[in-house]
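In our numbering, the protein residues as written are 847 to 1239.
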């Protein structure tokens, strides 16, 4: 304890040692107040010294108030914060505060939580979907907050392993990934069809590529096919570098390329009844069945290419499959339609209604949480846990 602090404490005592003996009750009360003040100052000094002068390990010690404050600043509500804290404890995460800045750690924790919930036989289907939705919302909120940094402006900065979609002038799209980023070109994997056969695109063909950069945003760039070669033991499609990357910061939800056929039906809204009892009813017109290509999807909407697209403002129902081949359905509205003469039209759709189970399936696909992690088992909550007996226990 510093000499300055001791002098201050002694000064507080000496200032009141000349109180009259005749006023003993007042002296006792005053003495008690002074003693209490000294005790508070001593405790405050000790706590402050421990925080400032302690070891780095002690300073990193978990503090619930700090965690809650960081979660609130990141945009999480109280329910999401409680769910995240429970997962961090259950997975024995050594540095829980890093979950707000480290996307890999966040994915690891949430993926284990998602798998544990899906394998829990004690939960009802409704409870499972609620918990999964909380986990996916946590990922969505934290990822959205991390996209405020500066993006990239050239394909020379794309890292190997980055997945992307290669779009052709006729509207077809193929999945690919970056094998190597070379000095004069971008080496990508050769696209494959549904049967696993290589799709060879003519040299000189102009393409439009789309990709999502982790903890950043979506990007689009124009390029052309230069040639084919063998790069790092793999057949590679060589693309010309581009310095005109278009960064999409306006999307609220992360989108992931899909490139799978889907079926969509127009919805007709009619008035039923008469007078004040008139009500609007929506009917799916299944007799008008359309085929489309589901280009990409997010929790908020999707884009579909079709030879028979619906106009902007039309309602529709979409039937599709994701990576696990599970049939899903969603209702939406065509926000805008992009169509050039002689080409397929592209409908940009906003979802208006999706069931909780289907929405969680979309989240799981978008965030690549479909496959279970290597160590998916979560320990059961103990009696000492903050969440024991609660909805997170």
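C-beta atoms are modelled at their ideal positions from N, C-alpha and C, and glycine is treated no differently.
Predicted model, so just to flag it, every value in this text is computed and none were measured.
Rounded to the nearest whole angstrom, the CA to CA distance from residue 929 to residue 1110 is 36 Å. One thing to note: residue 958 has its Cβ no nearer than 7 Å to the Cβ of residue 927. The criterion of a C-beta distance shorter than 7 Å is not satisfied by residue 1211 and residue 1198.
When DSSP states are grouped into helix, strand and coil, residue 1107 belongs to the strand group. Fully enclosed alpha helix (DSSP H) runs of no fewer than 4 residues occupy 910 to 920, 924 to 936 of the region 910 to 961, in order along the chain. Of the other Cβ atoms in all chains shown, fewer than 16 fall within 10 Å of the Cβ of residue 919; this residue is therefore exposed. Between residue 1101 and residue 1140, the CB-CB gap reaches or exceeds 7 Å.
Ranked by Cα distance from residue 1159, the first of 1183, 976, 1152 is 1183. Exposed is the label assigned to residue 1128, since fewer than 16 other Cβ atoms lie within 10 Å of its Cβ. By the C-beta criterion, the region 1005 to 1024 is judged not to be in contact with the region 979 to 992, since fewer than 3 inter-stretch pairs fall below 8 Å. Between residue 1064 and residue 1190, the gap from beta carbon to beta carbon reaches 7 Å or more. If you check the CB distance, residue 1057 and residue 1010 come in under 7 Å. For residue 975, the enclosing alpha helix (DSSP H) covers residues 971 to 991.
In the DSSP assignment, residue 1205 falls within the unbroken alpha helix (DSSP H) covering 1202 to 1212.
In the displayed model, residue 1174 falls within a strand according to three-state DSSP.
Cβ neighbours of residue 955 within its own chain (closer than 7 Å, five residues either side excluded): 933, 934, 937, 939, 945. Remark: fewer than three beta-carbon pairs, one from each stretch, lie closer than 8 Å, so the region 1072 to 1080 and the region 1112 to 1124 are not flagged as touching.
Here DSSP, grouped into helix, strand and coil, assigns residue 965 to helix.
In the DSSP assignment, residue 1129 falls within the beta strand (DSSP E) that extends over 1125 to 1130. Put simply, the backbone Cα of residue 998 is about 14 Å away from that of residue 1027. If you look at residue 1021, you'll find it in the beta strand (DSSP E) that goes 1019 to 1027. Judged by pairs of C-beta atoms under 8 Å, the region 1027 to 1041 does not touch the region 1148 to 1168, as fewer than three such pairs exist.
Taking the CA atoms as reference points, residue 972 sits about 26 Å from residue 917. Within the same chain, 1202, 1203, 1206 come within 8 Å of residue 975 by CB-CB distance, once the 5 residues on both sides are set aside.
Distance from the CA atom of residue 1043 to the CA atom of residue 1029, rounded to whole angstroms, is 29 Å. In this chain, residue 1088 is not harboured by any beta strand (DSSP E), its DSSP state being neither H nor E. Annotated three-state conformation of residue 880 is helix, per DSSP.
One Cα belongs to residue 1118, the other to residue 1125, and the distance between them is close to 5 Å.
Per DSSP, the unbroken beta strand (DSSP E) holding residue 1074 starts and ends at 1064 to 1077.
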